[in-house]
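When you line the sequence shown up against our numbering, it's residues 1 to 299, in that order.
In this text, a Cβ means the ideal position worked out from N, Cα and C, and glycines have one as well.
As the structure is a prediction and not an experimental result, all values here were calculated from the model.
The block underneath contains the structure these notes are about, expressed in C-alpha cells.
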Amino acid sequence: MIDKKVRIIRVPFWMGSGRIGTELGPESMITAGLLGQLKGIGMDIVGDCEIDCCRHPSGSAGSGDIKYYTEVKDMARKVSEQVVGALQSGFFPLVLGGDHSVSIGSLAGLTGHYRNLGVIWFDAHADLNTEETTPTGNAHGMPLAIALGRARFKLTDIQGSNLVSKDKLVIVGARDIDPGERELIREEGITCFTMHDIDRYGMRNVMEKAIRIAGEGTDGIHFSLDLDALDPQIASGVGTPVPGGISYREAHFAMEMIAESGLLRSADVVEINAVLDNDRRTARHAVELTASLLGKRIL
C-alpha cells in the first residue's frame, strides 16, 4: 500500500544532460496540476521542498570523464539528504527532475535507508555508461552504472550506502543502448526489457516479470520514470527522444500494475524539457502517469 503522506522533492537541474530546459521540469509538472491530482486521490502533501541546485555553472563543463562533475555530485548529495529525511519521517519520496542524474541522489538516499532495494527503470536508454564507455560525458547516462558500483563515481562518494543489486534491477522500454552498456547488460545478466520484448510479450507480461524480479525478497521497489520511455509522438518534450516508444495506454497500465503490487516505496519523474514541451503536453502526461503510479484508477 502506498503511503498517503508524500514528500515532493523538486530538483531543477540540467547539467547532467548538458542541455538547458530540464531544470524547468519540476515547475512544469506543478503547473500542469500535479498537486491537485495527488490530493484528488487522497494523498497528503507533507512538504514540497526545492533543492538549491547550481543552474549557472561558473566554469566550463570540464575536461574530465563526467561533465559538470562537481555540480552533479553536489546536487546528488542534497537530493540524497532530502530522500533520507523523508524516509525517516515515514513519508513517500517523490522526486521531480531535472535530468536523470538526479536519480544518483535518489538512489544514494534510498540505499542508505534500505539494505535490499528493488529498482524498475522506465527509460529509452539503459543509463549504464561508465566514465570509460560514455560517448558524451553526460551524467544522466550513468546513474545505474553508479548505483551498481561499476563506475568510478559511486553512491558511497555521496554518503554511506548499499549498492543496488544487479539481480533486483529491471530496465523497461529501452531502445537506444550504447555498445558499452550492451556489454555490461550481457556480462552482468541485467534484466532489460526492450521495446522488442514489449511488442512480443505485451506490457502485462513484461510488468509481471519486472515486479516479481524487483519485488521478491526486497524492501520494496523504487520506480524511475524517464519521459523519453514514451513514444515521442505523445511525449515530445524531452531532450533525447527515440522513436518507437511506449504508448500512452501501455504506460498507464504499467503504472497501475506497480501501484496494485503494494511494493512501491519511492519514485522519480525526470527528463521533461519544458523548453521543448509544446503546450506542456509532456508535463501533463507526466502528471497523469504519476497519479496512476500512486493509485489513481478510472473507476
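| Asked | Found |
| --- | --- |
| Please confirm if the stretch 12 to 23 is in contact with the stretch 259 to 266, defined as three or more CB-CB distances below 8 Å between the two stretches. | no |
| What do you reckon, are the CB atoms on TRP121 and LEU169 nearer than 9 Å? | yes |
| If you draw a straight line from the alpha carbon of ALA291 to that of ILE41, how long is it in whole angstroms? | 8 Å |
| Distance check for ASP127 and ASP167, CA to CA, integer angstroms please. | 16 Å |
| With DSSP as the reference, please indicate the residues paired to LYS5 in a beta bridge. | ASP44 |
| Going by beta-carbon coordinates alone, are LEU289 and VAL270 separated by less than 9 Å? | no |
| At a cut-off of 8 Å, is HIS125 close to the ligand SAH when judged by its beta-carbon and the heavy atoms of the ligand? | Judged by which ligands are present, the structure shown has none, so any question about the ligand SAH falls away. |
| I'd like to know whether the C-beta atoms of ARG7 and ILE45 end up nearer to each other than 9 Å. | yes |
| Quick one: residues in its chain with C-beta nearer than 8 Å to the C-beta of ASP228, no 5 flanking neighbours on either side, listed in chain order? | ASP123, ALA124, HIS125, ALA235, VAL238, GLY239, THR240, PRO241, VAL242, GLY245, GLU271 |
| Quick one, are the C-beta atoms of LEU294 and LEU110 less than 9 Å apart? | no |
| In chain order, what residues of the same chain have a beta carbon less than 7 Å from the beta carbon of VAL287, not counting five sequence neighbours either side? | MET29, ALA32, GLY33, LEU34, GLN37 |
| Can you find at least 3 beta carbon pairs, one from the stretch 204 to 214 and one from the stretch 144 to 152, that sit closer than 8 Å? | no |
| So, at 8 Å on beta carbons, what are the nonlocal neighbours of ASP65 in its own chain, with the 5 sequence-adjacent residues on each side left out? | GLU131, GLU132, THR134, GLY137, ARG152 |
| May I ask which residues mark the beginning and end of the beta strand (DSSP E) holding ILE221? | 221 to 226 |
| Rounded to whole angstroms, what is the Cα-Cα separation between ASN162 and LEU24? | 31 Å |
| Taking the continuous beta strand (DSSP E) assigned at GLY97, which residues delimit it? | 92 to 97 |
| With a threshold of 6 Å on Cβ separation, who are the neighbours of ILE177 within its own chain once the five nearest residues in sequence on each side are excluded? | ALA126 |
| Considering VAL242, what are the terminal residues of the beta strand (DSSP E) in which it resides? | Per DSSP, VAL242 belongs to no beta strand (DSSP E) and is neither H nor E. |
| Could you give the residue range of the beta strand (DSSP E) that holds SER266? | 264 to 270 |
| Who pairs with ILE118 in a beta bridge, going by DSSP? | A small correction: the amino acid at residue 118 is Gly; Ile does not occupy that position in the sequence shown. ILE221, per the DSSP bridge assignment. |
| At the level of alpha carbons, what is the spacing between THR22 and ALA274? | 6 Å |
| Check whether the Cβ atoms of ILE51 and VAL72 lie closer than 9 Å to each other. | no |
| For ASP48, collect the residues of the same chain with a Cβ closer than 6 Å to its Cβ; drop the 5 residues on either side in sequence, then sort them by chain order. | ILE8 |
| State yes or no: is the C-beta of CYS300 within less than 9 Å of the C-beta of GLY98? | The question about residue 300 has no answer, for the chain in this structure spans 1 to 299. |
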